[in-house]
Amino acid sequence: EGEFTDGTPTVLSFYRTVNRGDRRFSVRGIKKQCEAGDTVALTFKVTADGEVVWVVNVTRQPEYRRLVEAS
Numbered sequence: 032e033g034e035f036t037d038g039t040p041t042v043l044s045f046y047r048t049v050n051r052g053d054r055r056f057s058v059r060g061i062k063k064q065c066e067a068g069d070t071v072a073l074t075f076k077v078t079a080d081g082e083v084v085w086v087v088n089v090t091r092q093p094e095y096r097r098l099v100e101a102s
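Residue numbers (this note's numbering): 32 to 102.
Here is the structure:
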């Protein structure tokens, strides 16, 4: 389980393709939150129920730029 920064819930799926076995992942609803070419970061957010994956569109929310910059 996860959520976008606006609180919209999402589900992340990690899988391998059938023929070549390539590793991939998908984020449900990402087309509504992002456009081609946007930079997206995956991180964790601690909630009262525990941790959830937080999906951040850094292109639209530059205040989270630190998530994709090398330190």
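Cβ atoms here follow ideal geometry from the backbone N, Cα and C, with glycine treated the same way.
Since residue i contacts residue j with CB under 8 Å, what's their CB separation in whole angstroms?
i, j, result
"GLY33", "VAL83", "5 Å"
"VAL86", "ARG96", "Actually they are not in contact, since the Cβ atoms of VAL86 and ARG96 sit about 15 Å apart, beyond 8 Å."
"GLY60", "THR41", "5 Å"
Out of the options, which has the shortest C-alpha to C-alpha gap to residue i?
i, options, result
"PHE35", "THR74, ARG54, SER44", "THR74"
"PHE56", "ARG91, VAL71, PHE45, THR39", "PHE45"
"ALA72", "GLU94, ASP80, THR78", "GLU94"
"GLU66", "ARG91, LYS76, VAL42", "ARG91"
With which residues is residue i paired in a DSSP beta bridge?
i, result
"THR36", "Bridge partners of THR36: none, in fact."
"LYS47", "One detail in the question is off: residue 47 reads as Arg in this sequence, not Lys. Looking at the DSSP assignment, ARG47 forms a beta bridge with ARG54."
"GLU100", "Beta-bridge pairing links GLU100 to no other residue."
"VAL83", "LYS76"
Taking residue i as part of the alpha helix (DSSP H), name the residues at either end of that continuous run.
i, result
"GLN64", "61–64"
Got a sec, what are the start and stop residues for the beta strand (DSSP E) residue i sits in?
i, result
"GLU70", "It is Thr, not Glu, that sits at residue 70 in the sequence shown. Looking at the DSSP string, THR70 is not in any beta strand (DSSP E), and its letter there is neither H nor E."
"GLU94", "Segment: none, GLU94 is in no beta strand (DSSP E) and carries neither H nor E."
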